[in-house]
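Undergrad:
Numbering (our numbering), first residue to last: 4 to 303.
Below you can see the structure in the form of structure tokens.
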């Protein structure tokens, strides 16, 4: 055991430049990989929270609104309103239906635009009656939208998925782009580890030959090389873990949570899980290239 540790330390000293290059590459790539995982968890939290709160708003015709289903200068009739309500409630995906009158819409408008000149210019008659619909599963909204958008008396169907889905698509593209870039850097780190092992075998050729002559096992010969790459990988993982923890604390916990308290942000449990995954990836990424390279260059 003492000889193995001595050989490991000696190997790290001999190849200090390559070892540092591996550490830095692992640090950057694992940090990007971990950031992609954290971003994925945060997007899933936002998506789960916002999708649960999504409502479909069915706005009805008034005398001043225009639309393909509206009669010019006419409010929605009671029969049209009843048909819209019946269609909504008959949909199996609907969980709750809330009807908002013109008076309620006007009161909400006055509250939102309390300090705006627009509030004084609007009247109750200019407001729209609407049905606010909450779905059992917000992901299944197309059926209801297609059912009600062409009904007589329906001026417009406002679906927040139209606004949120593009945002989540861009966020997903960003997180997968980050993970993809990190994978390329991790591949570069694996190639660096393989090259480091190749150089180490050349510089220790005589020692390896002597160990073979005295009957050293294949595993015994490879252990120092495994430990060298493992040390470099763990050092990179430690730096990546510190970077991820610092990033979560500075960006999310200290700033985002303080300024945007109404949103669900990830915390230390999710960060700890991500760092554990980062360490697992680092260990696998150090062991596999070393085993492959050692078997090839040592010819054991």
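Glycine included, every Cβ here is placed at the ideal spot set by N, Cα and C.
Bear in mind that the values here come from a model prediction, so they are computed numbers and not experimental data.
Would you give the residue range spanned by the alpha helix (DSSP H) that residue 59 belongs to?
TA: Residue mapping note: residue 59 aligns to position 56 of the chain shown, counting from 1. Looking at the DSSP string, residue 59 is not in any alpha helix (DSSP H); the run it does join, the beta strand (DSSP E), is 58 to 63.
Undergrad: Count the other CB atoms within 10 Å of the CB of residue 144; is the residue buried (16 or more) or exposed (fewer)?
TA: As a working mapping, residue 144 is identified with position 141 in the chain shown. With 16 or more Cβ atoms within 10 Å of its Cβ, residue 144 is classed as buried.
Undergrad: Could you compute how far the alpha carbon of residue 238 sits from the alpha carbon of residue 257?
TA: As a working note, residue 238 is residue 235 in the chain shown. As a working note, residue 257 is residue 254 in the chain shown. Roughly 27 Å between the two C-alpha positions.
Undergrad: In angstroms with no decimal places, state the Cα-to-Cα distance between residue 234 and residue 26.
TA: Sequence index remark: in the chain shown, residue 234 carries index 231 (1-based). Sequence index remark: in the chain shown, residue 26 carries index 23 (1-based). Approximately 9 Å between the Cα atoms of the pair.
Undergrad: Using 8 Å for Cβ pairs, my map puts residue 178 next to residue 46. What's the rounded Cβ distance?
TA: As a first step, residue 178 is located in the chain shown; it is residue number 175 there, counting from the start. As a first step, residue 46 is located in the chain shown; it is residue number 43 there, counting from the start. About 6 Å; that satisfies the 8 Å criterion.
Undergrad: Do you know how far the Cα of residue 61 is from the Cα of residue 34?
TA: By 1-based counting over the chain shown, the position of residue 34 is 31. By 1-based counting over the chain shown, the position of residue 61 is 58. Their backbone Cα atoms lie some 46 Å apart in a straight line.
Undergrad: Please report the straight-line C-alpha distance between residue 259 and residue 267, rounded to a whole angstrom.
TA: Against the chain shown, residue 259 aligns to sequence position 256. Against the chain shown, residue 267 aligns to sequence position 264. Distance between the alpha carbons of residue 259 and residue 267 is about 10 Å.
Undergrad: Buried or exposed for residue 6, going by 16 or more other Cβ atoms inside 10 Å?
TA: Position 3 of the chain shown, counted from the first residue, corresponds to residue 6. Legend: pLDDT at residue 6 = 45, less than 50; position of this residue unreliable, value from coordinates given subsequently. By the 10 Å Cβ count, residue 6 comes out exposed.
Undergrad: With 16 other CB atoms within 10 Å as the buried threshold, where does residue 82 fall?
TA: The residue labelled residue 82 in the question sits at position 79 within the chain shown. Answer is exposed; the Cβ neighbour count stays below 16.
Undergrad: Do you know offhand how far residue 162's Cα is from residue 58's?
TA: Position 159 of the chain shown, counting from 1, holds the residue named residue 162. Position 55 of the chain shown, counting from 1, holds the residue named residue 58. Approximately 7 Å, taken between the alpha carbons.
Undergrad: Below 7 Å CB to CB, which residues in the same chain sit around residue 67 once its five sequence neighbours on both sides are set aside?
TA: The residue you call residue 67 lines up with position 64 of the chain shown. Answer for residue 67: 129, listed in chain order.
Undergrad: Using DSSP bridges, identify the partner residues of residue 282.
TA: As a working mapping, residue 282 is identified with position 279 in the chain shown. According to DSSP, residue 282 bridges with nothing at all.
Undergrad: Let me make sure I understand the geometry here. Which of 155, 156, 136 has the alpha-carbon closest to that of residue 147?
TA: Taking the chain shown and counting its residues from 1, the one referred to as residue 147 is at position 144. Looking at the Cα atoms, 136 is the closest of the given residues.
Undergrad: Start and end of the alpha helix (DSSP H) containing residue 88?
TA: Your numbering for residue 88 matches position 85 in the chain shown. Taken as a continuous stretch (DSSP letters only), the alpha helix (DSSP H) holding residue 88 covers 81 to 93.
Undergrad: Shortest alpha-carbon distance to residue 87 belongs to which of 64, 75, 76?
TA: Residue 87 sits at position 84 when you count from the first residue of the chain shown. For residue 87, the nearest C-alpha among the options comes from 64.
Undergrad: DSSP has residue 133 in a bridge; who is on the other side?
TA: In the chain shown, counting from the first residue as 1, residue 133 sits at position 130. DSSP lists 62, 103 as partners of residue 133.
Undergrad: Using C-beta distances below 6 Å, list every residue in its chain close to residue 109, excluding the 5 sequence neighbours before and after it, in chain order.
TA: The residue labelled residue 109 in the question sits at position 106 within the chain shown. Excluding sequence neighbours, residue 109 sits near 127, 130.
Undergrad: Just the Cα atoms here: how many angstroms apart are residue 37 and residue 192?
TA: Walking along the chain shown from the start, residue 37 turns up at place 34. Walking along the chain shown from the start, residue 192 turns up at place 189. Rounded to whole angstroms, residue 37 to residue 192 spans 16 Å at the Cα level.
Undergrad: Does DSSP put residue 98 in a helix, in a strand, or in coil?
TA: Here residue 98 refers to the residue found at position 95 when the chain shown is read from its first residue. Residue 98: strand per DSSP, three-state reduction.
Undergrad: Should residue 111 go down as buried or exposed, given a rule of 16 or more other Cβ atoms within 10 Å for buried?
TA: As a position in the chain shown, residue 111 is number 108, starting the count at 1. Exposed is the call here.
Undergrad: Helix, strand or coil: which one does DSSP assign to residue 189?
TA: In the chain shown, residue 189 corresponds to position 186, counting from 1. Residue 189 falls in the helix class under three-state DSSP.
Undergrad: How about residue 236 and residue 288: do their beta carbons lie closer than 9 Å?
TA: Stepping through the chain shown from its first residue, residue 236 is reached at position 233. Stepping through the chain shown from its first residue, residue 288 is reached at position 285. In this structure, residue 288 lies closer than 9 Å to residue 236 by Cβ.
Undergrad: Give the secondary structure of residue 168 by DSSP, where H, G and I count as helix, E and B as strand, and everything else as coil.
TA: In the chain shown, residue 168 corresponds to position 165, counting from 1. Looking at residue 168 - three-state DSSP - the assignment turns out to be helix.
Undergrad: Between residue 154 and residue 39, what straight-line distance do the alpha-carbon atoms span, to the nearest angstrom?
TA: Residue numbering aside, residue 154 sits at position 151 when the chain shown is read from its first letter. Residue numbering aside, residue 39 sits at position 36 when the chain shown is read from its first letter. About 44 Å.
Undergrad: Just the Cα atoms here: how many angstroms apart are residue 103 and residue 69?
TA: Position 100 of the chain shown holds residue 103. Position 66 of the chain shown holds residue 69. Rounded to whole angstroms, residue 103 to residue 69 spans 20 Å at the Cα level.
Undergrad: Using the Cα positions of residue 166 and residue 91, report the straight-line distance between them to the nearest angstrom.
TA: The sequence position of residue 166 within the chain shown is 163, counting from 1. The sequence position of residue 91 within the chain shown is 88, counting from 1. The alpha-carbon atoms of residue 166 and residue 91 are separated by roughly 22 Å.
Undergrad: Using the Cβ count rule (16 or more neighbours within 10 Å means buried), how would you classify residue 30?
TA: Residue numbering aside, residue 30 sits at position 27 when the chain shown is read from its first letter. By the neighbour-count rule (16 or more Cβ atoms within 10 Å), residue 30 is buried.
Undergrad: Quick test of your reading: residue 98 and residue 50, contact by CB under 8 Å. State the CB separation rounded to the nearest angstrom.
TA: In the chain shown, the residue the question calls residue 98 occupies position 95. In the chain shown, the residue the question calls residue 50 occupies position 47. Incorrect: roughly 18 Å between the Cβ atoms, too far for contact.
Undergrad: Name the one or two DSSP bridge partners that residue 230 has.
TA: As a working mapping, residue 230 is identified with position 227 in the chain shown. Paired residue(s): none; residue 230 is not in a bridge.
Undergrad: Our contact map puts residue 41 next to residue 182 with C-beta atoms below 8 Å; I'd like the distance itself, whole angstroms only.
TA: Counting from one through the chain shown, the residue named residue 41 turns up at place 38. Counting from one through the chain shown, the residue named residue 182 turns up at place 179. Incorrect: roughly 11 Å between the Cβ atoms, too far for contact.
Undergrad: Classify residue 160 as buried or exposed, calling it buried when 16 or more other Cβ atoms lie within 10 Å of its own Cβ.
TA: Within the chain shown, the letter at position 157 stands for residue 160. Buried, since its Cβ has 16 or more Cβ neighbours within 10 Å.
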